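Q: This structure is in structure tokens; I'll ask about it shortly.
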Amino acid sequence: MEVRKNDLNCSCQECSTYPSFIMPEEIIFKAQEKQLVLFCGAGISTESHKVFPSTLYDEVLEYLQKDYAYKANNPSFSILMSEFCKTVPSGREELIRIIEDRFERISLFQELYDSATIFHREVAKIDNLATVITSNWDDYFETECHMKPILDGFENIEIENQDSSKKVYKIHGSVNIPDSIIASQDDYKNCYKRLSTENYGKEIQKLFKENCVVFIGFSFGDEDLDKLLEVFGLKMEHNEGTDSKYYIVNIDQSMLKYQSKNIESIITDGYFFIHSLRKIMESRGYIAEEKQTLVEEISNQLLSLKNIDLNDITSCAHIEGMISVYENYEVRSSDLDYKIKHAGARYEEMQENNSYDRYYQLGILDGLLNLKTLLENKNKSLIPPYIYDDMYFESIENLEMSKNSKNQL
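Take 1 as the starting number for the sequence shown in full-length UniProt numbering and just add one per residue.
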């Protein structure tokens, strides 16, 4: 086993905030052998409080309480969604609209998107992680890790830059196919029945038998986690006759309730767990070490510009946008064209938005273009960081001269 201490094993500033833990040797070995499967819940994605202060559950509950005087005390997720679908006119359609709106808000703001996908981008850096099972509706494993989505009863969606050797089993559907979304009590009941009896469920059960499975992003008392453990025969009382072992990663000490002969709880943050696994595999030579020397130079250059007192909001926003690109840089550069395309589309969509948001998005686009040039040509030159009236300037002095000359006209 290898101890992962938040202040010793990694130089990342963010890692110092996470609880230290012991990485089981079995997990490292299985990852090396490409026999590690991640089973991911909503906590590693959009329902993390690092993305939005309120969850989908909170949002739907407030909607019902405010508009329909809903009085139930702490209903389960599926009961709440069922109540919404029954109470609100065109309830199912309205629920889908709320879900899609949350994803849309995330896609429009880079910082929200970066927070929602930080886990997925870390998974993408470990090529050995080729199989994920998820109860999440988002498509971040498809877009960030290029995994092929496998849905039950629905034709699979073709994703740009998809790697057919990597798969994500979306047991609760996908936002890209609204009819596939599992939300209400009836949805869950039918889903569990199919997972218990049909080929899709048997295929997932086979993954449990042949691999080491780590659950990440589920919370204490999660009705779905409890039922899934039962459906796949992983409950302690169902599981005493097997040597297979499973792990549950969560920062909440309450998750120790799942500890048993075959289920071990690891108390730490999901992102820090995957990040630590990557660092261990790099240090042992199992995967190539991440190299960021030139990128770090430019990132530091941008951060130094951030400390300059700028009166022009567009330059501030543009610099902030470029910084967000370099702060969230990942070694895999094969998807840069994809990211540039989407950043450009977002910028076009924001032409009517306020100046700060628009120039922040332009900074993201310019940062990605600069990063592509850097990786392809090893050229450390930086896109001029200062912008005013849609013109670029190498220095703040040149920008001020341009502003003054225009004011004199």
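Cβ atoms here follow ideal geometry from the backbone N, Cα and C, with glycine treated the same way.
In this text the structure is predicted, and so the values were computed from the model without any measurement.
Using 8 Å as the threshold, is the C-beta distance between I266 and Y246 below it?
A: By 1-based counting over the sequence shown, the position of residue 266 is 266. By 1-based counting over the sequence shown, the position of residue 246 is 246. No. Outside cutoff.
Q: Since N199 is in the alpha helix (DSSP H), which residue starts that stretch and which ends it?
A: Counting from 1 along the sequence shown, the entry for residue 199 is found at position 199. N199 -> alpha helix (DSSP H) spans 199–210.
Q: So the beta strand (DSSP E) E264 belongs to, where does it begin and stop?
A: As a first step, residue 264 is located in the sequence shown; it is residue number 264 there, counting from the start. Per DSSP, E264 belongs to the beta strand (DSSP E) from 263–267.
Q: What's the call for D179, buried or exposed, on a 16-neighbour Cβ count within 10 Å?
A: Position 179 of the sequence shown, counted from the first residue, corresponds to residue 179. By the neighbour-count rule (16 or more Cβ atoms within 10 Å), D179 is not buried but exposed.
Q: Using a Cβ-Cβ cut-off of 8 Å (strictly less than) and excluding sequence neighbours within five positions of P384, which residues of its own chain qualify?
A: Here residue 384 refers to the residue found at position 384 when the sequence shown is read from its first residue. Once the five neighbours on either side are set aside, the close Cβ partners of P384 are Y392, F393, E394.
Q: Using three-state DSSP, classify M350 as helix, strand or coil.
A: The residue you call residue 350 lines up with position 350 of the sequence shown. In this structure, M350 counts as coil in the three-state DSSP scheme.
Q: Do Y356 and I313 come within 8 Å of each other at the CB atom, strictly closer than that value?
A: Numbered from 1 along the sequence shown, position 313 holds the residue referred to as residue 313. Numbered from 1 along the sequence shown, position 356 holds the residue referred to as residue 356. Going by C-beta atoms, I313 is nearer than 8 Å to Y356.
Q: Using the C-alpha atoms, what's the distance from E144 back to A343?
A: Residue numbering aside, residue 343 sits at position 343 when the sequence shown is read from its first letter. Residue numbering aside, residue 144 sits at position 144 when the sequence shown is read from its first letter. Their backbone Cα atoms lie some 14 Å apart in a straight line.
Q: Rounded C-beta distance between E77 and E223? I'm assuming under 8 Å.
A: Position 77 of the sequence shown, counting from 1, holds the residue named residue 77. Position 223 of the sequence shown, counting from 1, holds the residue named residue 223. For clarity, residue 77 is Phe in the given sequence; the question names Glu instead. That belief holds up - the Cβ atoms of F77 and E223 are roughly 7 Å apart, short of 8 Å.
Q: Can you grab the Cα-Cα spacing for the pair D101 / M350, in whole Å?
A: For the purposes of this step, residue 101 is identified with residue 101 of the sequence shown, where counting begins at 1. For the purposes of this step, residue 350 is identified with residue 350 of the sequence shown, where counting begins at 1. Cα to Cα, D101 sits roughly 16 Å from M350.
Q: Return the Cβ separation of L95 and F84 in integer angstroms, given the expectation that the two are a contact with Cβ distance under 8 Å.
A: Numbered from 1 along the sequence shown, position 95 holds the residue referred to as residue 95. Numbered from 1 along the sequence shown, position 84 holds the residue referred to as residue 84. The Cβ separation is near 6 Å, so the contact holds.
Q: Is D224 helix, strand or coil by DSSP?
A: Within the sequence shown, the letter at position 224 stands for residue 224. Three-state DSSP puts D224 in a helix.
Q: Please list the terminal residues of the continuous beta strand (DSSP E) segment that includes I118.
A: Within the sequence shown, residue 118 is the residue found at index 118, counting from 1. First-last for I118: 110–124, but that is the alpha helix (DSSP H), not the beta strand (DSSP E).
Q: State the DSSP-derived secondary structure class of V132, mapped to helix, strand or coil.
A: Within the sequence shown, residue 132 is the residue found at index 132, counting from 1. Three-state result, V132: strand.
Q: Does the beta-carbon distance from Q205 to F232 come in below 8 Å?
A: Residue 205 sits at position 205 when you count from the first residue of the sequence shown. Residue 232 sits at position 232 when you count from the first residue of the sequence shown. Contact: yes.
Q: Can you tell me which of V88, E397, H146 puts its alpha carbon nearest to the alpha carbon of K66?
A: For the purposes of this step, residue 66 is taken as residue 66 along the sequence shown, with counting starting at 1. Checked all of V88, E397, H146; the closest Cα to K66 is V88.
Q: With DSSP as the reference, label residue 416 as helix, strand or coil.
A: This structure leaves residue 416 out entirely; the chain is present only between 1 and 409.
Q: Going straight from the alpha carbon of N190 to that of D152, what length do you get?
A: Walking along the sequence shown from the start, residue 190 turns up at place 190. Walking along the sequence shown from the start, residue 152 turns up at place 152. If I take the Cα positions, the gap works out to 11 Å.
Q: Helix, strand or coil: which one does DSSP assign to L151?
A: The count along the sequence shown starts at 1 and reaches residue 151 at position 151. In this structure, L151 counts as coil in the three-state DSSP scheme.
Q: Got a sec? Which residues, its chain only, sit under 6 Å from Y70 by beta carbon, not counting five neighbours each side?
A: For the purposes of this step, residue 70 is taken as the residue at position 70 of the sequence shown. So the qualifying residues of the chain are L64.
Q: According to DSSP, simplified to helix, strand and coil, what is I171?
A: As a working note, residue 171 is residue 171 in the sequence shown. Looking at I171 - three-state DSSP - the assignment turns out to be coil, as it is neither helix nor strand.
Q: Would DSSP call I387 helix, strand or coil?
A: Here the question's residue 387 lines up with position 387 in the sequence shown. Strand, per DSSP.
Q: What residue ranges within the stretch 22–105 form continuous alpha helix (DSSP H) runs of no fewer than 4 residues, ordered along the chain?
A: Fully enclosed alpha helix (DSSP H) runs of 4 or longer: 25–32, 56–68, 77–87.
Q: Could you tell me how far apart the beta carbons of E122 and I274 are, in whole angstroms, since I believe they sit closer than 8 Å?
A: Reading the sequence shown from its first residue, position 122 is the one you call residue 122. Reading the sequence shown from its first residue, position 274 is the one you call residue 274. The Cβ separation is near 5 Å, so the contact holds.
Q: On the DSSP bridge assignment, give the partners of F393 in chain order.
A: As a working note, residue 393 is residue 393 in the sequence shown. Answer by DSSP bridge pairing, in chain order: Y386.
Q: What do you get for H49, buried or exposed, if any count of 16 or more other CB atoms within 10 angstroms of its CB means buried?
A: Counting from 1 along the sequence shown, the entry for residue 49 is found at position 49. By the 10 Å Cβ count, H49 comes out exposed.
Q: Going by CA-CA distance only, name the one from K341, Y271, E26 that's closest to I118.
A: Residue 118 sits at position 118 when you count from the first residue of the sequence shown. Residue Y271 is the option with its Cα nearest to I118.
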